[in-house]
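No gaps in the numbering here: position 185 of the sequence shown is 185 in UniProt numbering, and each next residue is one more. From the three backbone atoms N, C-alpha and C, an ideal C-beta is built for every residue, glycine too.
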Amino acid sequence: MLRLGILGTGKIVQEFLPHLAELDFEAVSILSTPRSVERAERLAAQYHIGRCVTDYDEMLQSEVDVIYVALPNHLHFSFAGRALEHGKHVICEKPMTSNVDELRTLIDVAKQNRVMLLEAMTLYHLPAYQAMRRDLAKLGPIKIVSLNYSQYSSRYDAFLQGIVQPAFDPAQSGGALMDINVYNIHALVGLFGKPAAVQYAANIARGIDTSGIALCRYPTFQAVCVGAKDCASRQTSVIEGERGVLSIEGPVSCMTGYTIDYHDGQREVHVEDNPPYRMIPEFQAFARILNEQDWAYHDTLMEYSLEAAQVLQDARRCAGVRFPCDSF
Numbered sequence: 001m002l003r004l005g006i007l008g009t010g011k012i013v014q015e016f017l018p019h020l021a022e023l024d025f026e027a028v029s030i031l032s033t034p035r036s037v038e039r040a041e042r043l044a045a046q047y048h049i050g051r052c053v054t055d056y057d058e059m060l061q062s063e064v065d066v067i068y069v070a071l072p073n074h075l076h077f078s079f080a081g082r083a084l085e086h087g088k089h090v091i092c093e094k095p096m097t098s099n100v101d102e103l104r105t106l107i108d109v110a111k112q113n114r115v116m117l118l119e120a121m122t123l124y125h126l127p128a129y130q131a132m133r134r135d136l137a138k139l140g141p142i143k144i145v146s147l148n149y150s151q152y153s154s155r156y157d158a159f160l161q162g163i164v165q166p167a168f169d170p171a172q173s174g175g176a177l178m179d180i181n182v183y184n185i186h187a188l189v190g191l192f193g194k195p196a197a198v199q200y201a202a203n204i205a206r207g208i209d210t211s212g213i214a215l216c217r218y219p220t221f222q223a224v225c226v227g228a229k230d231c232a233s234r235q236t237s238v239i240e241g242e243r244g245v246l247s248i249e250g251p252v253s254c255m256t257g258y259t260i261d262y263h264d265g266q267r268e269v270h271v272e273d274n275p276p277y278r279m280i281p282e283f284q285a286f287a288r289i290l291n292e293q294d295w296a297y298h299d300t301l302m303e304y305s306l307e308a309a310q311v312l313q314d315a316r317r318c319a320g321v322r323f324p325c326d327s328f
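Below, the structure is given as structure tokens:
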């Protein structure tokens with residue numbers, strides 16, 4: 001059983017904890033700010049977490065094997081880095097870091113300390129995504145890819161009133177690209193690798209993208225990734241090939257199946273037996289990677305993270321969205 005230290009008490013942690021008993025992890029401590037300590041104590045009591053702390057050094061000096069970083073984006077680099085320096089494995093929520101330089105630094109620190117660094121990107125481990133990857137050849141040569149994740153955010157209402165929360169704060173590495181379109185970008189690079197060129201047309205307010213369209217050019221096809229937090233759509237994605245089209249209903253990050261319509265009129269409907277919560281396959285995979293020290297698969301996932309980070313950075317540079325930690 002891997003001993004897990006959890007950083008944060010936000011929504012993603014509250015969604016994750018009810019499923020912890022199904023995984024090969026034991027939450028032994030949870031870190032909060034002094035302001036959130038009451039919430040952390042409630043979570044610790046409810047889910048039998050051994051220790052609630054407000055001092056990160058206390059957690060790092062404890063018996064924890066793995067640190068799960070579930071903090072606002074701009075804090076990922078510093079908190080993950082300190083854990084790696086202390087010889088702890090790290091599972092970090094998406095996006096792993098604010099830019100490519102930060103990610104390369106973390107990779108170097110992880111290698112120096114011979115520990116693993118994993119990005120919590122659910123889609124790679126979903127049965128439906130893995131089945132879709134195997135079925136892509138049925139479409140013939142790919143010509144057009146269109147991935148859409150547009151979901152109106154309740155935080156946008158506050159943003160319009162002048163209240164800037166982390167998801168819309170450039171100082172906290174927010175924005176639609178980093179918060180929601182990141183799933184589309186990862187889906188794309190996981191299937192096809194890094195594009196040859198990236199452009200990003202964004203709707204920008206107060207220095208942050210509230211929605212946008214990333215055009216990713218490949219040598220033999222074109223891809224578009226749409227992500228929005230200021231409007232909504234049906235969230236339908238398609239991959240078009242010379243023989244047929246593959247359609248996904250709903251966000252790729254929690255896809256449960258897909259349909260292939262061939263040009264000759266035949267149709268295949270694929271529905272996968274997904275677990276009830278999308279993070280379960282991901283953490284099952286992480287437990288296996290860590291327990292078996294599967295460095296080959298770890299390095300494959302890290303390559304996806306690097307490629308996605310480069311696409312995100314290139315897109316932001318194109319749209320003029322800069323974070324305090326950026327060097328461009």
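With 16 as the cutoff for other CB atoms within 10 Å, does residue i come out buried or exposed?
i    : result
D55  : exposed
L160 : exposed
A197 : exposed
E249 : exposed
V271 : exposed
T300 : exposed
G5   : buried
C216 : buried
N73  : buried
F328 : exposed
E282 : buried
C231 : exposed
N291 : exposed
Starting from the C-beta of residue i, find all residues in its chain whose C-beta is less than 8 Å away, skip the five residues before and the five after it, and write them out in chain order.
i   : result
E63 : R3, V28
Closer than 6 Å by C-beta to residue i: which residues in its own chain qualify, once you throw out the five before and the five after it? Chain order, please.
i    : result
D65  : L2, R3
G320 : none
T259 : S247, V269
I12  : A70
N181 : C225, G227
Short of 7 Å in beta carbon distance, which residues of its chain neighbour residue i, apart from the five on each side in sequence? Order them along the chain.
i    : result
Y297 : I289
What's the C-alpha gap between residue i and residue j?
i    : j    : result
D101 : P141 : 34 Å
M178 : S153 : 14 Å
I311 : Y149 : According to the sequence shown, residue 311 is Val rather than Ile. Their backbone Cα atoms lie some 17 Å apart in a straight line.
C225 : G190 : 14 Å
M116 : G81  : 12 Å
A137 : P219 : 17 Å
L139 : V238 : 11 Å
S32  : H76  : 14 Å
Could you give the residue range of the beta strand (DSSP E) that holds residue i?
i    : result
K94  : That residue, K94, is in no beta strand (DSSP E); it is neither H nor E in DSSP.
C149 : Per the sequence presented here, residue 149 reads as Tyr, with Cys not at that position. Its beta strand (DSSP E) spans residues 142-150.
From which residue to which residue does the alpha helix (DSSP H) around residue i run?
i    : result
Q311 : Reading off the sequence shown, one finds Val at residue 311, where the question assumed Gln. Its alpha helix (DSSP H) spans residues 295-319.
E292 : 279-292
Kindly provide the ranges of any beta strand (DSSP E) runs that are 3 or more residues long and lie completely inside the region 185-261, ordered along the chain.
197-205, 208-217, 222-228, 236-241, 244-249
Extract the residue ranges of the beta strand (DSSP E) inside the region 111-139, only unbroken runs of 3 or more that lie entirely within it.
117-120
For a minimum of 4 consecutive residues, which ranges assigned as the alpha helix (DSSP H) are wholly contained in the region 38-69?
56-60
Please list the segments of the beta strand (DSSP E) lying wholly inside the region 2-27, counting only runs of 3 or more residues, in order along the chain.
2-7
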